[in-house]
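**Q** Protein chains in written order, with UniProt numbering: chain S, 1 to 98; chain G, 1 to 98.
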């Protein structure tokens, strides 16, 4: 079974690590317990809507971006290819702007 | 505060209504309590990952599609324009395939 909380946890952890923030820093900025955030990142606890909002703020990333990442990861697990938002390089020569 | 559960509830209800299914039918197919599904649709309860999986199955809609819809709705609330997955009609004349 594909579990959204696992993919969400990975997305949140990846974003945090990209920013070089520690669990403690994000937990503190989001006013959530460090142990809880750690469990969310590991996909062991569901993040409530309020927690997701606070963590997105702490990461300074729009929730819509986080959800789009989760959607893409879930889609890959479902075997659905994402629609690219730019023309892939190998097809670029098929397009010419006037 | 933008709450994901409200947007998710709207997306799930819209999908169900588009299919002409009743709450009872979806709850039964997903093996979730009718009252719980009703609260999820009204954005009053968080859907666990397991419930979301079961409801998506009952609606026969990929979870990634549901999450993409939620992301787009949240993005609109955040004031972020979604990236169109096709060229909007008004810009079509700017593109020519060779």
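By construction, the Cβ of each residue, glycine as well, lies at the ideal position given by its N, Cα and C atoms.
Residues of chain G with a CB under 9 Å from the CB of residue 5 of chain S: which are they?
**A** The answer, in chain order, is 48, 49.
**Q** Counting C-beta neighbours from all protein chains within 10 Å, is the total for residue 63 of chain G 16 or more, i.e. buried, or is it exposed?
**A** With 16 or more other Cβ atoms within 10 Å, it is buried.
**Q** Could you check how far apart the C-beta atoms of residue 72 of chain G and residue 30 of chain G are, in whole angstroms? I think they sit under 8 Å.
**A** No, residue 72 of chain G and residue 30 of chain G are not in contact; Cβ-Cβ is about 23 Å, not under 8 Å.
**Q** Whole angstroms are fine: how far does the CA of residue 25 of chain G sit from the CA of residue 13 of chain G?
**A** Each residue's Cα considered, the two are about 13 Å apart.
**Q** Please say whether residue 52 of chain G and residue 15 of chain G have beta carbons closer to each other than 7 Å?
**A** No, these two residues do not count as a Cβ contact at 7 Å.
**Q** Quick one: list the residues of chain G neighbouring residue 75 of chain S, beta-carbon separation under 9 Å, in chain order.
**A** Neighbours of residue 75 of chain S on chain G, chain order: 62, 63, 64, 65, 67, 68.
**Q** In whole angstroms, give me the CA-to-CA distance for residue 74 of chain S and residue 61 of chain S.
**A** Near 19 Å, if we compare the C-alpha coordinates of residue 61 of chain S and residue 74 of chain S.
**Q** Given that residue 71 of chain S touches chain G, what residues does it touch there, using C-beta distances under 9 Å?
**A** Near residue 71 of chain S (Cβ distances below 9 Å), the residues of chain G are 63, 64, 65, 66, 67, 68, 69, 70, 71.
**Q** Would you mind telling me which residues of chain S sit closer than 9 Å to residue 53 of chain G, beta carbon to beta carbon, in chain order?
**A** Ordered by position in chain S, the residues that pass the 9 Å Cβ test against residue 53 of chain G are 1, 2, 3, 4.
**Q** State the CB to CB distance for the pair residue 70 of chain S and residue 67 of chain G, rounded to an integer number of angstroms; the pair is presumed to be in contact (CB under 8 Å).
**A** With a Cβ gap of about 6 Å, residue 70 of chain S and residue 67 of chain G count as contacting.
**Q** Can you name the residues of chain G whose CB is closer than 8 Å to the CB of residue 78 of chain S?
**A** Ordered by position in chain G, the residues that pass the 8 Å Cβ test against residue 78 of chain S are 62, 63, 64.
**Q** In whole angstroms, what separates the C-alpha of residue 28 of chain G from that of residue 48 of chain G?
**A** When rounded, the distance between both Cα atoms is 17 Å.
**Q** Please give the ranges of any alpha helix (DSSP H) in the UniProt domain "HTH cro/C1-type" (12 to 66) of chain G, keeping only runs that are unbroken, at least 4 residues long and fully inside the region.
**A** Within the UniProt domain "HTH cro/C1-type" (12 to 66) of chain G, the complete alpha helix (DSSP H) runs of at least 4 residues are 23 to 30, 34 to 41, 49 to 59.
**Q** Measure how close the beta-carbons of residue 17 of chain G and residue 43 of chain G come, nearest whole angstrom, since I'm counting them as under 8 Å.
**A** Between residue 43 of chain G and residue 17 of chain G the Cβ distance is about 15 Å, and since that is not below 8 Å, they are no contact.
**Q** How many Å lie between residue 22 of chain G and residue 34 of chain G at the Cα?
**A** Cα to Cα, the separation comes out at about 10 Å.
**Q** By how many angstroms is the C-alpha of residue 94 of chain S removed from the C-alpha of residue 88 of chain S?
**A** Those two C-alpha atoms are separated by around 10 Å.
**Q** Could you name the residues of the same chain whose beta carbon sits closer than 6 Å to that of residue 40 of chain S, not counting the 5 residues immediately before and after it, in chain order?
**A** Only 9, 47 meet the Cβ criterion.
**Q** Residues in the same chain with beta-carbon distance under 8 Å from residue 11 of chain G, minus the five sequence neighbours each way, listed in chain order, please.
**A** Result list for residue 11 of chain G: 66, 69, 70, 73, in chain order.
**Q** Whose C-alpha, out of S:54, S:6, S:45, S:5, is nearest the C-alpha of residue 1 of chain G?
**A** Nearest option by C-alpha distance: S:54.
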